[in-house]
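Number of protein chains: 4
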Amino acid sequence: MARVAFIGLGNMGAPMARNLLKAGHSLKIFDLNPAVVDKLVSAGADSSETALSAAQQADIVITMLPAGKHVESVYLGEEGLLQRLSSRPLLIDSSTIDSETAKKVAAEAERKGFSMLDAPVSGGVAAAAAGTLSFMCGGSDSAFSQGKEVLGAMGKNLFHAGDHGAGQTAKACNNMLLAILMSGTSEALQLGVDNGLDPKVLSEIMLASSGRNWTLEVYNPYPGVMEKAPASNDYQPGFMVDLMAKDLGLAEEMAVKSGSAIPMGSNARNLYVAHQKKGNGSKDFSSIIQELK
Amino acid sequence: MARVAFIGLGNMGAPMARNLLKAGHSLKIFDLNPAVVDKLVSAGADSSETALSAAQQADIVITMLPAGKHVESVYLGEEGLLQRLSSRPLLIDSSTIDSETAKKVAAEAERKGFSMLDAPVSGGVAAAAAGTLSFMCGGSDSAFSQGKEVLGAMGKNLFHAGDHGAGQTAKACNNMLLAILMSGTSEALQLGVDNGLDPKVLSEIMLASSGRNWTLEVYNPYPGVMEKAPASNDYQPGFMVDLMAKDLGLAEEMAVKSGSAIPMGSNARNLYVAHQKKGNGSKDFSSIIQELK
Amino acid sequence: MARVAFIGLGNMGAPMARNLLKAGHSLKIFDLNPAVVDKLVSAGADSSETALSAAQQADIVITMLPAGKHVESVYLGEEGLLQRLSSRPLLIDSSTIDSETAKKVAAEAERKGFSMLDAPVSGGVAAAAAGTLSFMCGGSDSAFSQGKEVLGAMGKNLFHAGDHGAGQTAKACNNMLLAILMSGTSEALQLGVDNGLDPKVLSEIMLASSGRNWTLEVYNPYPGVMEKAPASNDYQPGFMVDLMAKDLGLAEEMAVKSGSAIPMGSNARNLYVAHQKKGNGSKDFSSIIQELK
Amino acid sequence: MARVAFIGLGNMGAPMARNLLKAGHSLKIFDLNPAVVDKLVSAGADSSETALSAAQQADIVITMLPAGKHVESVYLGEEGLLQRLSSRPLLIDSSTIDSETAKKVAAEAERKGFSMLDAPVSGGVAAAAAGTLSFMCGGSDSAFSQGKEVLGAMGKNLFHAGDHGAGQTAKACNNMLLAILMSGTSEALQLGVDNGLDPKVLSEIMLASSGRNWTLEVYNPYPGVMEKAPASNDYQPGFMVDLMAKDLGLAEEMAVKSGSAIPMGSNARNLYVAHQKKGNGSKDFSSIIQELK
């Protein structure tokens, strides 16, 4: 069992940390929100005053933060881990950020003698609670091997996407594709309904045909087709429009930098941003179908 | 066993007819191309001089024609089946055409006392040969029941999409979604590759994540990822760009008529038409990724 | 001076007819709405019971109707002009319809010995009232020459676009481009405002630079920039979203038939249709900027 | 007359510097390329060994550099102007870069006691030579007033877009709109031609109608319509596809940061990037019409 420091206990981080406790790892935690800290302390974690003190005697440090600037601050800041840690734990950043920042932090970590993985997740809050997340990892083979046991306590699919930043790149590609699947499935269903088809029947047909995709399998955007999907529960998330808009922004910036054409992905970003601006940011991302009604 | 008339023995029609023979049905055939007729006669079919004579004593008539105008001609022409047939076989049109023409022909058929199904297929030449097509049927419950045995000899998934035209509508929706999946998957893979990922690794990751879709499962557009996919065989079809462009045109016209917004589908149509115009019409439709390289 | 029959006295037709009276032409009119007929009778027109009787002794017949089906009915119907007229006046259809229908009607007219022009207009209600419309005409040189005097009483720009249908084709191209200009200008202005620019200043800069276009010149979509523009008057039309959506549908159908790629035009159609579906159909078309806020 | 330092003498910088000499200003220049330096020395400029020495005794420093990283290096580097200059000339950066970098450099300049303008240009090489550029300036009123005389020697339209970065923002908005105009005009012309219209006639019609825009006025993309346009000269630039793709990337990154929806602009970026990737980067940007043929 490992000594793990967990920094950032939001909607995703808290259930991930809880699964580490369940697996028998010892856990030191840090978050600015005392409420989430208290709950995890009740479950067996030790709380720390700072990210640094949480990390000080850990074998593995895991960070789960909202955006690149927070990651930069925790690792590269004047009081940051790379500057101040005397030990050399494995560093795993599971935040979803741009791959450039991921590469920059990892390069500085290596310069200071740390091993580091970028390891963003896929699967959402439900998978975080169930311990069935997918981890898309970027870093060396040895760092990936070293991280496997702990990551395996939080997820069931562990992918080694490539070198530093590759985890973030893979996640951006996947989530861009997800937005395309969701938008495309939404408009195919709506086009059918506008022309007299029953959305359940059309969903079944496409699920058994070449239109099959993840959203038709488990996340149908048409209300009433799938009882447990957000679409049948007023589009309560699930995975929020705000988060999808952020991820599509990361993919778009990546495409601009690499000079890649992403016609469908850009289209999806513009649909999601327009949807978000009309006050739908905290709805589930399958609510994009409402833009077509 | 039924007496079946089969009219239109192209790349799809010929193997479909062959499966009817295998299943023990008696078959009268008509096509303007003597070569394809001869082959089926060797396999046990009877050839006829005209569509009308092929249909005259059939229990079921199946048509498999290139476009709406051919369907109109065979059924509605002055020498057409509706005008001239003295018997009242079940009429099944498996051509992929616009749902308006399908409705118009079916309405006229009903007026003359025929039962009719529009029953376009999904699955391509390979599925036609293997007898594993999907049929998307529009028409009455009783017509659908009546057609099942014969359709089941040619396909494994028989869907009753709704009333007349609903089969065509469902197919247009599905194929539009397929074009979106293929374009989106292509650009997600290319974006990853442009940013240093291995297309095989990224394909695996997305296949196990929320980007999962039919193209990643069986039809990966990146050369070398899937040995048997057209992408690994110089984009030999498979399903041609010309046909996908046609199907996207049908979906687009349907959307204009119903006043539906199909932002991703329109985008896909424009990508495919531009690709087609550069001389790629007879390549497999997964070659759309070449527009992004 | 000519004897003119004018059929269809809606928002556009009525002021056009009024300008014919002002120019000294004698005018017989027909419309199903007695209110608009009465007003024109007060202004000096003669009313007729039917389209046919209005046209019977005319030198020139002008039709201004909502859609292709009305044009077909007036000209091709059993009681239609081509069937029943004993004289052979010049026929001018100023409705905005698809070029296929325009060609079909004109071909039938020629077969019956009529000269015909398709002559859709550009400029909207204000230009109709001011007599400053543009006419885009399709037909023979001689028909165009013959129509010039009467068209010149209603408009200031008379274009001979080509043979039958060419007027409709030119209008569809122009209005598709207009929708692109309006959408593009809207998003450029909103992008500037979102990044701290004053919309007036940015409008001035782009008007003097390579972004210059008709919408910046006379129809700025940002509220407050141009006092008399619909944008500064709650988006009261002007040119309605419903009409722009219709015109974009005509362009899209034309593109599908000719196998043309229109990526920007399709994008504009989908924006306008989505905008329309949210209840904005009777707003001015510059309200598309509201989709971006 | 002012003492001006000019740093960066590429295709745009060299003719701009030449116009300063013509207007009677004294000029110190710096560029890494000795050929362009020599030509300007022949015309009356003084050459310097470094950017710093060129700027040392100037009243006004003008920089015209390829990208944000060069601007950062010249101003913020360890040997950069802000660090090393003992005098406090007005700083004018006419490079086209992202507004964030422009703001960052200007903020540091102000902290060190400099006045600074970001002043990107519009108009291309021809306007640079003719002294008819447009300058879009960001900075204080007083800096704008102070720069006017010198800018007026190089351009005829001087705009004060707002505070620091506003010049770059305005240029990004304008050039995004330009790309939309060019793409949209291209597809409207091609759609007309595909449906039988003469591109000259259609150009005239749209120029006199609501489709009017800068590209139809002076830069028609259809070969043969406008004798002096790049389209009639094998798409020799003019303004290169590479540069338009760069500018669209700047607009896109700006939109991602401000959370703005730019559906038409993103579409244009993807068209230009795909066009560029096929080896058309050094063609004129009006060659985008070739993607539609």
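Chains as they are written, first to last, in the numbering used here: chain L, -13 to 279; chain E, -13 to 279; chain C, -13 to 279; chain X, -13 to 279.
Ideal Cβ positions, reconstructed from N, Cα and C, are used throughout, including at glycine.
Here the structure is a predicted model, which is why all the values come from computation and not from measurement.
E:V227 and L:V91 have their C-alpha atoms roughly 44 Å apart. Residue contact with chain X for C:V211: absent (no Cβ-Cβ distance below 8 Å to any residue of chain X). Between E:V259 and E:A237, the beta carbon gap of about 13 Å keeps them out of contact (Cβ cut-off 8 Å).
Taking the Cβ atoms as the reference, X:G197 lies roughly 24 Å from C:L51, outside the contact range of under 8 Å. For X:E239, the chain L residues whose Cβ falls inside 7 Å of its Cβ are E239 and V242, in order along the chain. Taking 8 Å as the CB threshold, C:L193 stays off the interface with chain L. Taking the C-beta atoms as reference points, C:S218 is found nearer than 8 Å to C:G210. For L:N19, the nearest beta carbon of chain E is not closer than 8 Å to its own beta carbon. With respect to chain C, the C-beta atom of L:A260 has a partner C-beta closer than 8 Å. Residues of chain X with a Cβ closer than 7 Å to the Cβ of E:K232 do not exist, since the nearest Cβ in that chain sits about 17 Å away. Rounded to the nearest angstrom, the gap between the Cα atoms of L:I248 and C:L177 is 20 Å.
In the displayed model, C:A29 falls within coil according to three-state DSSP, outside both helix and strand. Taking a Cβ-Cβ cut-off of 8 Å, the neighbours of L:L278 in chain C comprise A260 and K263, given in sequence order.
At least 8 Å separates the beta-carbon of L:I46 from that of L:G124.
Between C:S126 and chain E, the shortest Cβ-Cβ separation is not below 8 Å. Close partners of E:P52 in chain L (Cβ separation under 7 Å) are lacking, with about 20 Å as the shortest Cβ gap.
Nearest CB-CB separation between L:F145 and chain E: below the 8 Å threshold. Rounded to the nearest whole angstrom, the CA to CA distance from E:S101 to C:G(-1) is 47 Å. Using a Cβ distance threshold of 8 Å, E:A37 and E:K14 do not count as a contacting pair.
The three-state reading of DSSP puts C:S252 in helix, counting H, G and I together. Taking 8 Å as the cut-off, the beta carbon of X:M122 is found closer than this to the beta carbon of X:K157. Residue-level contact check: L:D184 touches chain E, since one or more beta carbons of chain E fall below 8 Å from its beta carbon.
Here C:S252 is buried. Its C-beta has 16 or more other C-beta atoms within 10 Å.
X:W200 and C:S39 have their C-alpha atoms spaced approximately 48 Å apart. Leaving aside the five residues that flank L:A215 on each side, the residues in its chain whose CB is nearer than 6 Å to its CB run, in chain order, Y205 and N206. Under the three-state reduction of DSSP output, L:G138 falls in the helix class.
Judged by DSSP in its simplified three-state form, C:H261 adopts helix.
The Cβ of E:S252 sits closer than 8 Å to at least one Cβ of chain C. Proximity of the segment 102 to 119 of chain X to the segment 140 to 158 of chain X meets the contact definition, three or more beta-carbon pairs being nearer than 8 Å. Chain L places a beta carbon closer than 8 Å to that of X:I248, counting this residue as a contact. E:L(-5) sits in coil when the DSSP states are folded into three classes, being neither helix nor strand. Of all alpha-carbon atoms in E:Y221, E:A139, E:R(-11) and E:G153, the one lying nearest the alpha-carbon of E:T118 is that of E:A139. For the set E:L26, E:E173 and E:K243, the Cα lying nearest the Cα of E:G(-6) is the one of E:L26. For the options X:D17, X:V22 and X:E86, the alpha carbon positioned closest to that of X:V60 is the one of X:D17. By DSSP's assignment, E:D270 forms a beta bridge with E:M226. Within chain C, no C-beta atom comes less than 7 Å from the C-beta of X:D270; the nearest is roughly 13 Å away.
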